[in-house]
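A short worksheet on the structure shown next.
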Amino acid sequence: GWEQQESTLAFISETAHKALLLDPDDPWAHVTKGFVLAWTGRASDAIVEYEASLARDPNFAIAHWLLALALCYLGRGEEALRHGDQAERLSPRDLMARGNAGVSNNVRAIACFIEGRYRDGMRFARRAIFESPNLAPAYRALIINCALAGEIAEARAGLQTLKRLVPEISMEWIKHVTSMYMREG
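What the sequence shown shows, in my numbering, is residues 29 to 213, in sequence order.
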């Protein structure tokens, strides 16, 4: 429920704040603060924190991955692709990927959608689905990229799977999620 999510985000935010007071150079503390900012719709502020983390540790793959996602929220697909690729190069089996298989390729599928590179987006979405067959966001990325590339049959098949995974999914919800990638956060 949302109430529980709000209290969890408040706890995470408070913890990150305390960590930064103890050590303002801790890259994990900056990533954590950025995560809360991005999750609460403040992608521009999150980017500042992710960049602060990377200034302290340029090889921090998770910071690159989360920065890529925040850049997607702002419609900055090319930059997102660069950071997504960097995260993959630095750590193809990163901590984020262990419990979140497919997320890196899903972020790249979203970035390709933003840039109008629908066939590339389809390829990344398919990879994400291969890595994690139940990753609903990857099916959303596949559906959108397929539809815009004119691959309607594959989009329909993806939609059927998405409906099985998320029975309450609606076209309005998909439009809402898609619009998130085209606005300032």
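Beta carbons: idealized from backbone N, C-alpha and C, even for Gly.
{"query": "Looking at the secondary structure, which residues open and close the alpha helix (DSSP H) in which arginine 110 lies?", "result": "105–118"}
{"query": "Please report how far the alpha carbon of arginine 155 lies from the alpha carbon of arginine 192, in whole angstroms.", "result": "20 Å"}
{"query": "Please check the pair glutamate 143 and glutamate 106, which I expect to be a contact at CB under 8 Å, by giving their CB distance rounded to whole angstroms.", "result": "6 Å"}
{"query": "Mind reading off the beta-carbon distance from phenylalanine 141 to isoleucine 172? Whole number of angstroms is fine, and I expect it under 8 Å.", "result": "6 Å"}
{"query": "Among the residues of its own chain, which have a CB less than 6 Å from the CB of alanine 108, if the five just before and after it don't count?", "result": "Ala96, Leu99, Cys100, Ala139"}
{"query": "Here's the rule: buried if 16 or more other CB atoms are within 10 angstroms of the residue's CB, otherwise exposed. What is glutamate 212?", "result": "Model confidence at glutamate 212 stands at a pLDDT of 44, short of 50, so the residue's coordinates are unreliable; what they give is reported in the following sentence. By the neighbour-count rule (16 or more Cβ atoms within 10 Å), glutamate 212 is not buried but exposed."}
{"query": "From what residue to what residue does the alpha helix (DSSP H) around arginine 154 run?", "result": "146–159"}
{"query": "Does the distance from the C-beta atom of alanine 183 to that of cysteine 174 stay below 8 Å?", "result": "yes"}
{"query": "For glycine 168, which three-state DSSP category applies?", "result": "As written in the sequence, residue 168 is arginine, which differs from the glycine given in the question. Of the three classes helix, strand and coil, the one that applies to arginine 168 here is helix, per DSSP."}
{"query": "Expressed to the nearest angstrom, what Euclidean distance is found between the alpha-carbon atoms of tryptophan 246 and leucine 163?", "result": "The requested residue 246 does not occur in the structure, where the chain is confined to residues 29 to 213."}
{"query": "Would the C-beta of arginine 154 count as close to the ligand MG, meaning under 7 Å from any of its heavy atoms?", "result": "The ligand MG is absent from the structure shown, which contains no ligand whatsoever."}
{"query": "What is the DSSP secondary structure of alanine 66, reduced to helix, strand or coil?", "result": "helix"}
{"query": "Once you ignore the five residues that flank glutamate 77 on each side, which residues in its own chain have a CB closer than 6 Å to its CB?", "result": "His58, Lys61, Gly62"}
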